[in-house]
Amino acid sequence: RREGKGRSRGGSNCADPGERANGREPMGKLSLCLVVLAAGLVLLVSAKKSADVTELQIGVKYKPESCGIQAHKGDRIKVHYRGALTDGTVFDSSFERGDPIEFELGSGQVIKGWDQGILGMCLGEKRKLKIPAKLGYGDQGSPPKIPGGATLIFDTELVGVNGKTLDEKKPEGDSEL
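When we follow the numbering used here, the leftmost residue of the sequence shown carries the number 756, and every step to the right adds one.
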């Protein structure tokens, strides 16, 4: 009698112990289940890669207690940054060069993800920007270091706004960043 048992409970039937008890070899069914499981994992991983980041993601890593100077569209700003791919490969870093990039915010001088992700930052603030390809270098990338379709991850620090720098903003005697 098999009432109350069987396939109506909604559970997986990949390794039904009753199969072996009935003298049937469950390996065919188990093999099929493993193939289906493996295919599902491959689809999940590839979907995660292609849909890695679809919209700009902004993470505030540090924000000064007071935000007296903020970056607005049209401001001339200086930003230190470290740019990496999602696998962690660093493709550029102004921190290592000791030379922040300077540009006019919102004017298209940098990738769209930067114009949007840095807007509203306070002088001294640090953000992590996860930028989808459509707001970065798109399908063409920026060879040889940035492949087409790449999601970009930037650690940024706003160090200057319209000629005002972190050093000018700090109280006397404060030499730490």
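Note that the Cβ used here is the ideal one computed from N, Cα and C, for glycine as well.
Quick caveat, the model's predicted, so the values are computed rather than measured.
{"Query": "Residues of its chain near residue 857, where Cβ-Cβ distance is below 6 Å and the 5 sequence neighbours each way are ignored", "Result": "833"}
{"Query": "Closest Cα partner of residue 859 within the set 911, 827, 909 and 889", "Result": "827"}
{"Query": "Three-state class that DSSP yields for residue 825 in the structure shown", "Result": "strand"}
{"Query": "Range covered by the alpha helix (DSSP H) that runs through residue 894", "Result": "Premise fails: residue 894 is in no alpha helix (DSSP H) and is neither H nor E."}
{"Query": "Alpha carbon of residue 921 to alpha carbon of residue 829, nearest angstrom", "Result": "19 Å"}
{"Query": "Own chain, CB closer than 8 Å to residue 810, minus 5 neighbours either side, in chain order", "Result": "887"}
{"Query": "Other residues of its chain near residue 903: CB distance less than 8 Å, five sequence neighbours each side excluded", "Result": "888, 892, 893, 894, 895 and 896"}
{"Query": "Beta-carbon spacing of residue 841, residue 906 below 8 Å", "Result": "yes"}
{"Query": "Other residues of its chain near residue 814: CB distance less than 6 Å, five sequence neighbours each side excluded", "Result": "883"}
{"Query": "Three-way DSSP call (helix, strand, coil) for residue 764 in this model", "Result": "Note that residue 764 has pLDDT 49, beneath the 50 cutoff, so the model's placement of it is unreliable and no number is given."}
{"Query": "Nearest-angstrom beta carbon gap, residue 878 and residue 919 [assumed within contact, 8 Å]", "Result": "7 Å"}
{"Query": "Boundaries (first-last residue) of the beta strand (DSSP E) holding residue 912", "Result": "907-916"}
{"Query": "Own chain partners of residue 914 with C-beta closer than 8 Å, once the 5 adjacent residues on each side are dropped", "Result": "833, 834, 835, 855, 878, 879, 920 and 921"}
{"Query": "Beta-bridge pairing of residue 871 - partner residues as DSSP gives them", "Result": "For residue 871, which the question treats as bridged, DSSP gives no partner whatsoever."}
{"Query": "Unbroken stretches of the beta strand (DSSP E), 3 residues or longer, contained in the stretch 842-866", "Result": "845-848 and 856-859"}
{"Query": "Helix, strand or coil at residue 840 according to DSSP, with G and I counted as helix", "Result": "strand"}
{"Query": "Start-to-end residues for the beta strand (DSSP E) that takes in residue 886", "Result": "881-886"}
{"Query": "Own chain partners of residue 885 with C-beta closer than 6 Å, once the 5 adjacent residues on each side are dropped", "Result": "808, 812 and 908"}
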